[in-house]
Amino acid sequence: MRHTSLVVFLCLVCVLSGNGSLFAQSNFVNGFYVTSGNDTVRGLIDDRSDKENFELCIFKTSADAGVRMLDPGDINGFGFGNVVYVKQQFKEKNGKDLVGFFKVLVDGKLSLLNFDTRYFVITKQREMYEVTRSRADATGTIKDNFQGLGNLKLLMNDCPVTNEAYLRRQYADANLKNIFVTYNECVNSPVVVLKDTRAKTKIEAGIQVLPSLVRMNDGYPMGLVTMSNNKTIAAGAFLSVLSPRFISNVELLLEANYYQYNGYGFFHYRDQNVETNNDIFVKYKALQIPVFLRIGQRFFIDVGIQNHITFKQDNTWREETITTSTVTTQFIKVEGGHLWTTGLLIGAGAKFDVGSFPLRVFARYSRNGNPFFSSRPGYQATSIGVSFQLTKN
-3 MRHTSLVVFL CLVCVLSGNG SLFAQSNFVN GFYVTSGNDT VRGLIDDRSD KENFELCIFK
57 TSADAGVRML DPGDINGFGF GNVVYVKQQF KEKNGKDLVG FFKVLVDGKL SLLNFDTRYF
117 VITKQREMYE VTRSRADATG TIKDNFQGLG NLKLLMNDCP VTNEAYLRRQ YADANLKNIF
177 VTYNECVNSP VVVLKDTRAK TKIEAGIQVL PSLVRMNDGY PMGLVTMSNN KTIAAGAFLS
237 VLSPRFISNV ELLLEANYYQ YNGYGFFHYR DQNVETNNDI FVKYKALQIP VFLRIGQRFF
297 IDVGIQNHIT FKQDNTWREE TITTSTVTTQ FIKVEGGHLW TTGLLIGAGA KFDVGSFPLR
357 VFARYSRNGN PFFSSRPGYQ ATSIGVSFQL TKN
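Structure follows, in structure tokens:
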């Protein structure tokens, strides 16, 4: 069961993550963009990975405003915190143009830009050269780019400190920032080193209630019974972690929900001259500890693993045997489900703000105990939940 659920879980995560534009957990921070006419427009910028920012700036004027998708054809650059991206066009060796928002690492007479694992120098005349030291070729082999060293020697020859001996000794991708700072200070150029001030990991906590319909089915005689009472209510707490740099647009949640179940079922059985009336009494107390991913903000989808821990069970089978001459009754203890089972959880919901504290309403379904899509799972639960976040937005 664990292996099957994990495969399904990972497949769903891949599908949902691939549609991040539909279910984006956005992380907007104060920032700005620069128009093609060099005017500055301030607002909120979606804090995403450098690779995503290379192609697109996502902007909105306020928290409640709609988003604007700005590509390199629309603006000259954008920034937030101490992070700046500028539109540039670089001619590759194959003749193709690499166009996008390059990240500025050092700004000065000679500026250092970055895209992915590649580094570039740009002059005050807007000329651009690649200075990456180590780069994988088409076969994946890492090769040294000594043309980058040659570019640095030529561009930094007006500084006696950054001479050929210095550059040969220092030339490495990890040292490029220091090389550019040393050069700009040497030629008395104002220099700014930009450091990341990205959105921090957010930890949220809250409480919740989940009115639920539950079902337990764990083999004979349970497979013959339809329980007359399957309603219960669970209550618990949740803890969520949103790390913008870990998995873009995905929030990890852990919950602990306690509930009790009391059910009764009846079935009648006839075998030749013997017939029985059968009563099944099921009682158990359980803790559900789901671990799942939440994709979305205002509207969201949940997908993950449901852990079901049953810590007290009392399952009794009352069998009344009827023959032509006698009626006998016996009580039989029925072995319950496993103490710890895992399975799949899926759900969806919406968030509403109550002041500065979010309120979420959601529906979910979970099943675990036997193989996924088995006709006889160990436990099933269909729930409507309401959660109140105790930490502010």
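Here my numbering is used: the first residue of the sequence shown is -3, the next is one more, and so on.
Backbone N, C-alpha and C define an ideal beta-carbon position, used for all residues, glycine too.
| Asked | Found |
| --- | --- |
| Through-space distance from Gly261 to Thr222, alpha-carbon basis | 6 Å |
| Residue closest to Gln309, alpha-carbon to alpha-carbon, out of Leu283, Thr322, Leu289 | Leu283 |
| Own chain residues within Cβ distance below 7 Å of Pro186, not counting five before or after | Gly104 |
| With 16 other Cβ atoms within 10 Å as the buried cut-off, status of Leu148 | buried |
| Under 8 Å between C-beta atoms of Phe74 and Phe111 | no |
| Alpha-carbon spacing of Thr113 relative to Leu151, whole angstroms | 22 Å |
| CB contact flag (Val95, Pro68, <8 Å) | yes |
| For Asp35, three-class secondary structure by DSSP | coil |
| Alpha carbon of Phe176 to alpha carbon of Gln166, nearest angstrom | 11 Å |
| Of the listed residues Lys87, Glu48, Val25, nearest to Ser58 (C-alpha basis) | Val25 |
| DSSP state of Gln385 mapped onto helix, strand, coil | strand |
| Any 3 or more C-beta pairs closer than 8 Å across the segment 343 to 353 and the segment 279 to 299 | yes |
| Every unbroken beta strand (DSSP E) inside the segment 150 to 206 [3 residues or more] | none |
| Inter-residue Cα distance where the pair is Gly33 and Ile71 | 8 Å |
| First and last residue of the uninterrupted beta strand (DSSP E) at Asp310 | 295 to 318 |
| Alpha carbon of Val127 to alpha carbon of Phe98, nearest angstrom | 14 Å |
| Inter-residue spacing [alpha-carbon to alpha-carbon] between Arg131 and Pro207 | 56 Å |
| For Asn269, three-class secondary structure by DSSP | coil |
| Residue nearest to Thr312 in terms of C-alpha spacing, selected from Gly381, Phe358, Ile305, Tyr216 | Tyr216 |
| Assigned exposure category for Ala377 - 16 Cβ within 10 Å defines buried | buried |
| Enclosing alpha helix (DSSP H) for Asn49 [first to last residue] | 46 to 51 |
| Coil, strand or helix - Gln143 by DSSP | helix |
| Segments assigned alpha helix (DSSP H), at least 4 residues, entirely inside the segment 91 to 116 | none |
| Buried versus exposed call for Asp93 [16 or more other C-beta atoms within 10 Å across all chains shown] | exposed |
| Met212 burial status per 10 Å Cβ neighbour count (16 or more: buried) | buried |
| Assigned secondary structure, Gly292 (DSSP; H/G/I helix, E/B strand, else coil) | strand |
| For Ser224, the nearest candidate out of Tyr81, Phe263, Val237, Glu251 (CA to CA) | Phe263 |
| Residues near Lys388 by beta carbon distance below 8 Å, same chain, minus five either side | Ser352, Phe353 |
| For Leu335, the three-state DSSP class (helix, strand or coil) | coil |
| Per-residue DSSP class, three states only, for Phe19 | Only weak support exists for where Phe19 lies, its pLDDT of 38 falling under 50; the value from the coordinates is given anyway. Coil at Phe19, not helix or strand. |
| Whole-angstrom distance between Met124 and Glu88, CA atom to CA atom | 11 Å |
| Residue nearest to Gln85 in terms of C-alpha spacing, selected from Val100, Arg122, Gly62, Ile285 | Arg122 |
| Contact set for Ala231: own chain, Cβ-Cβ below 8 Å, skip 5 residues either direction | Ile203, Gln204, Val205, Leu206, Asn253, Tyr254, Tyr255 |
| Rounded straight-line distance, which links the Cα of Asp349 to that of Tyr375 | 33 Å |
| Under 8 Å between C-beta atoms of Thr119 and Leu109 | no |
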